[in-house]
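>
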Amino acid sequence: MKPSTVTDLLFNQLSFRSDRQKVISSNIANINTPGYKTKDLVFEQELQKVDLGKDLQMSKTNSMHMNGFNETSNTNQAKLTQVKGLEEQTDGNNVNLDTQMSEMSKNKMIFDALQSSITKDSRLFRSVIESSQKN
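Quick note on my numbering: the sequence shown kicks off at 3 and runs consecutively.
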């Protein structure tokens, strides 16, 4: 039983934020990888607004790269995309540490707010149940 109809949306957003944090962490981990391009996780509806021509998939070009982003992102209708228009370094890498740290901080604040909302939603549901038991 769900506390409210909003709960599914909150949990989906929480899952998306968790997956996005993994992508941002991967970008930061690859800051010194030649040719690495910054990735981002976006909702499918947002992707449809932009004509990309093809799906961008992560490819494992080194046995030391992490696995699993595409499996988790599909559960909440999000897509992993390459961020376009970023300034590249001489080695072809376009990860900007300041931007990624800022995105990570913003993502964590939203994640924390979602967790707080879920907690409040659950408390409200619990109080309704406890009130109904008294009658």
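Ideal placement from N, C-alpha and C gives every residue a C-beta, glycine not left out.
Taking all protein chains shown into account, decide if residue 80 is buried (16 or more other Cβ within 10 angstroms of its Cβ) or exposed.
Position 78 of the sequence shown, counting from 1, holds the residue named residue 80. With 16 or more other Cβ atoms within 10 Å, it is buried.
> Evaluate contact between the region 26–44 and the region 125–133, counting only Cβ atoms and requiring at least three cross-stretch pairs below 8 Å.
no
> Classify residue 102 as helix, strand or coil using the three-state DSSP reduction.
Taking the sequence shown and counting its residues from 1, the one referred to as residue 102 is at position 100. Note: residue 102 maps to helix in three-state DSSP.
> Helix, strand or coil for residue 84, going by three-state DSSP, please let me know.
Reading the sequence shown from its first residue, position 82 is the one you call residue 84. Of the three classes helix, strand and coil, the one that applies to residue 84 here is strand, per DSSP.
> Pick helix, strand or coil for residue 19, following the three-state DSSP scheme.
On the sequence shown, position 17 is the one that residue 19 refers to. If DSSP states are grouped into helix, strand and coil, residue 19 belongs with the helices.
> Are at least three pairs of beta-carbons, each pair with one atom in the region 89–102 and one in the region 18–33, less than 8 Å apart?
The region 89–102 vs the region 18–33: in contact.
> Express the C-alpha separation of residue 100 and residue 11 in angstroms, rounding to a whole number.
On the sequence shown, position 9 is the one that residue 11 refers to. On the sequence shown, position 98 is the one that residue 100 refers to. If you take the alpha carbons of residue 11 and residue 100, they lie about 30 Å apart.
> Please go through the same chain and pick out, in chain order, the residues whose beta-carbon is closer than 7 Å to the beta-carbon of residue 58, but skip the five residues on each side of it.
Reading the sequence shown from its first residue, position 56 is the one you call residue 58. At residue 58 the pLDDT is 48, less than 50, meaning the model places this residue with poor confidence; the figure from the coordinates comes in the next sentence. Cβ within range, chain order: 82, 83 and 84.
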